[in-house]
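To start, the structure under review is shown below, and the notes come after it.
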Amino acid sequence: MHKKLISRMIIALAAAGLMTFSSLAAAHAHLQSSIPAAKAQVTTSTDALTLNFSEDIEAAFSGVTLLDSEQKPVVTAKARVESGQKNRLIVGLSQPLQAGSYQVNWHVLSVDGHKTAGSYRFSVK
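This is how it looks when you write it as structure tokens:
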């Protein structure tokens, strides 16, 4: 009888730990979509990069670096959050992108204080 109670307590604690861990993992801002999209091959350059995240982010502590096919930085405007959509980060481009492949490196701080980072590639034909 006593062993059954201990077993149930261990199972309950393990379940509570798993639920806590999964809620913490869900609290991070993950990239949901972007323009241009990851792995996209676009025929014309866009005037801005748009990154949409799973939760609101702090623009002051978030940023994007755009690298060309030679891994050299491309000049961009400072990343900003779109008013009314605090989960959308926009980075203006100072000039149209030339044909080639590009890598977008991003880092964000969500409003609840969690940092995430990632990267993706796209190309312009």
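Numbering (mature numbering (1 follows the signal peptide of the UniProt record, and there is no 0)), first residue to last: -25 to -1, 1 to 100.
Ideal Cβ placement from N, Cα and C applies to all residues, glycine included.
Model, not experiment: these values are computed from the prediction.
Every beta strand (DSSP E) of 3 residues or more that sits fully in the region 10 to 73 is shown, in chain order, as 23 to 28, 38 to 42, 55 to 57, 60 to 67.
Note on A4: 16 or more other CB atoms within 10 angstroms of its CB, so buried under the neighbour-count rule. Each of V99, K90, V79 was checked against the Cα of L26, and the nearest Cα belongs to V79.
Classified as exposed, P71 has fewer than 16 neighbouring CB atoms from the shown chains inside 10 Å of its CB. The alpha-carbon separation between P11 and F97 amounts to approximately 7 Å. In this structure, A74 keeps its C-beta atom at 8 Å or more from the C-beta atom of W81. Under the three-state reduction of DSSP, K(-23) is assigned to helix. Note on geometry: alpha-carbon atoms of F28 and G38 lie some 13 Å from one another. Q7 and K14 have their alpha carbons spaced roughly 14 Å apart. A distance below 7 Å between beta-carbons, with the five flanking residues on each side excluded, links D43 to the following residues of its chain, in chain order: V49, G75, Y77.
In this structure, the beta-carbon distance from L64 to T51 does not fall below 8 Å. Assignment of H82 by DSSP, reduced to helix, strand and coil, places it in the strand class.
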